[in-house]
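What follows is a single structure, written as C-alpha cells, with notes after it.
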Amino acid sequence: MAAVAAAPAGDPARGERLVAELQCNRCHDGTGQAPAARDAHCVQCHQDIAAGRFQAPAAAMKRWNENLVQLRDVPSLAAAGDRLRRDWIRGFLLSPHDVRPRLHATMPRLAIGPEQASDIAAYLTRDRREGRERPSAPLEGASAARGRELYEAKGCGTCHAFSGAAGVTAVAPVKGMEKETRAAIALAPDLRHARDRMDPADLVAWVLDPAAIKPGTPMPQVPMSPAEARDIAAFVVTAELSPRAPASAPERLPLLSRRVTYAEVDRRVFRVTCRHCHSEPDYALGDGGPGNTGGFGFKPRGLNLATYEGIAAGYVDDQGERRSVFSRGPDGAPRLVAALLARQAEEAGRAAPAVRGMPLGLPAVGPEEIQLVESWIAQGRPQ
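Under the UniProt record's numbering, the residue at position 89 of the sequence shown is numbered 89, and the numbers go up by one with no gaps.
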C-alpha cells in the first residue's frame, strides 16, 4: 500500500468558509452548502441541456449539445468522511490527478495552499460516523485469491478500471442498460487508488452496501455476504500493481504554413471549451465565468474569449492592469499558448507552479488545436 503522509488536523470551520468561497457547490452536491442556482451549477446546467429541459432557443440548444461532452457527471461529496481518508483528500486537493478514467473532467488545480487543503479536508470529513462499527482487523481471515475470483464473477470490471493489476477483465456493459449505467461507469474510480483513498474497514462496508453509506450513489449493491466483501476488499488493497508508465505530454507541432483565421480557431478551440469559463455575461446567462467575472476562488480576470475583440482586450493582472494574452513568456510561447501547454503537462503529472493549465479541470486541448492557435497568433491573428 502506498504511504500517505499524515496531514495536519485542519479547522472545519475555516474549511466550511473555504468551500463556500471556492464555490464547490457549482459542481459538487453534498458540500453542506445550499445548492447553487441552476444557471450557476455547471453540472446541473449541462444535464438539463442534454435532457432537453433547459429553456433556451432551439438554435442555442443545438449549438450547445454539439460540444456537450464534459461536466455531465461529478461525484457527490456526501458522506466523504465515511468513505475517504482525510489525509488523502488534502493531498488530492493540492495535487489533483485522474482518479476516474472514464470521466472527462478532473478536479481543477485550485489556488489553495497546504493549510487551506487541511481545513477543507477537515470540513468534508467532519460528519464521519465514528459510532458505526468498524472492526479493528477488517480483513482478518479474508482471501485475496477468492476476492479476485469474486471480482471477476460479480462483474466489477463493468464499471471499474483496475490499472496495474495483471489479468483483470474489463467487462462490456449490457447493451440494454447503457443509459442506466452511464453515470455509474463515468463516476467509477480506478481501483488502484482505493488503497490510498479508503481505510480497509470502510472499503468492506462500502462494497457490502454502498447506499447505506452514501444514499443515492450510482454504485449498485451487488449481492454478497460479509465474508465475500472482505475477500474482494483484500484483493483490491493487496493485489500486486505494476508501476505506472511515465506519462509524457504530446509533441508540440510546428507552425502551419497555410492561413489560419480567427473563425477557424474559434470554431475548433475557443467555442468548444474556452467559453465555459471565459465568456461574456450575455452568452453565459449573466455570468461571464470564473475566467472573466471570477469564481472558484479565482479573481475576476476580465478575459472574454467569446469574441475577437474580447480576446484582443486581454486580461487583468494582480495589479489591476490590462495585459495581453499574446505576450511571450521566458520560453517564447504566447501566454495563451503557454496555458494550453501547461494543461498537457498537468495531465502528464508535471504541474507548473507559475502557469495554471487551461482548460481548468477539463481535458487538455490536442496538439493540432494548439498548433492552430499558435499559428494564428504567429500570422498576426487574422479575422
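We put the CB at the ideal spot given by N, CA and C, even for glycine.
Backbone CA spacing between residue i and residue j [nearest angstrom]
{"i": "A2", "j": "A312", "result": "Unreliable placement is indicated for A2, whose pLDDT of 49 sits below 50; no coordinate value is reported for it."}
{"i": "C156", "j": "T238", "result": "16 Å"}
{"i": "L285", "j": "S279", "result": "Reliability fails at L285, whose pLDDT of 49 lies under 50, so the model's placement of it is uncertain and no value is given."}
{"i": "G361", "j": "C42", "result": "12 Å"}
{"i": "A34", "j": "E346", "result": "31 Å"}
{"i": "R350", "j": "H97", "result": "11 Å"}
{"i": "G294", "j": "G288", "result": "8 Å"}
{"i": "N25", "j": "A36", "result": "6 Å"}
{"i": "F326", "j": "P290", "result": "20 Å"}
{"i": "R323", "j": "A20", "result": "29 Å"}
{"i": "E374", "j": "G357", "result": "16 Å"}
{"i": "L84", "j": "P359", "result": "27 Å"}
{"i": "P8", "j": "P382", "result": "53 Å"}
{"i": "D87", "j": "L77", "result": "15 Å"}
{"i": "A121", "j": "H193", "result": "18 Å"}
{"i": "L139", "j": "F92", "result": "26 Å"}
{"i": "A111", "j": "Y262", "result": "31 Å"}
{"i": "C277", "j": "D266", "result": "15 Å"}
{"i": "S95", "j": "P114", "result": "10 Å"}
{"i": "A306", "j": "T273", "result": "11 Å"}
{"i": "Q221", "j": "L150", "result": "14 Å"}
{"i": "R301", "j": "A144", "result": "52 Å"}
{"i": "K154", "j": "R72", "result": "27 Å"}
{"i": "R271", "j": "P353", "result": "27 Å"}
{"i": "E16", "j": "T106", "result": "22 Å"}
{"i": "P57", "j": "D11", "result": "46 Å"}
{"i": "S257", "j": "E264", "result": "15 Å"}
{"i": "G30", "j": "R38", "result": "15 Å"}
{"i": "V366", "j": "M219", "result": "Looking at the sequence provided, one finds Gly at residue 366 rather than Val. Computed Cα separation, rounded: 32 Å."}
{"i": "E152", "j": "T158", "result": "9 Å"}
{"i": "A348", "j": "A333", "result": "19 Å"}
CB of residue i within 9 Å of CB of residue j, strictly
{"i": "A233", "j": "P200", "result": "yes"}
{"i": "L336", "j": "V316", "result": "no"}
{"i": "E251", "j": "A166", "result": "no"}
{"i": "P223", "j": "T217", "result": "no"}
{"i": "R129", "j": "I185", "result": "no"}
{"i": "A188", "j": "H160", "result": "yes"}
{"i": "A212", "j": "A229", "result": "no"}
{"i": "Y123", "j": "G32", "result": "yes"}
{"i": "G164", "j": "S242", "result": "yes"}
{"i": "F162", "j": "D190", "result": "yes"}
{"i": "A338", "j": "D331", "result": "yes"}
{"i": "V355", "j": "G314", "result": "no"}
Counterpart residues of residue i in DSSP-defined beta bridges
{"i": "A165", "result": "L241"}
{"i": "G295", "result": "F298"}
{"i": "P334", "result": "R328"}
{"i": "V316", "result": "R322"}
Cβ-based burial, residue i [other Cβ within 10 Å; buried from 16]
{"i": "V171", "result": "exposed"}
{"i": "L255", "result": "exposed"}
{"i": "S248", "result": "exposed"}
{"i": "G147", "result": "buried"}
{"i": "G320", "result": "exposed"}
{"i": "E309", "result": "exposed"}
{"i": "D231", "result": "buried"}
{"i": "A137", "result": "exposed"}
{"i": "P108", "result": "buried"}
{"i": "A245", "result": "exposed"}
{"i": "T125", "result": "buried"}
{"i": "residue 412", "result": "Outside the shown range of the chain (1 to 383) lies residue 412, about which nothing can therefore be said."}
{"i": "A59", "result": "exposed"}
For residue j and residue i, believed in contact at Cβ under 8 Å, the rounded distance
{"i": "D119", "j": "R14", "result": "4 Å"}
{"i": "A364", "j": "Q379", "result": "At roughly 23 Å, the Cβ-Cβ gap does not stay under 8 Å, so A364 and Q379 are not in contact."}
{"i": "Q23", "j": "F235", "result": "That belief does not hold up - the Cβ atoms of Q23 and F235 are roughly 39 Å apart, past 8 Å."}
{"i": "L253", "j": "E368", "result": "7 Å"}
{"i": "A117", "j": "R100", "result": "That pair is no contact at about 20 Å."}
{"i": "V74", "j": "H28", "result": "6 Å"}
{"i": "I370", "j": "L341", "result": "7 Å"}
{"i": "V260", "j": "L372", "result": "6 Å"}
{"i": "A79", "j": "K214", "result": "4 Å"}
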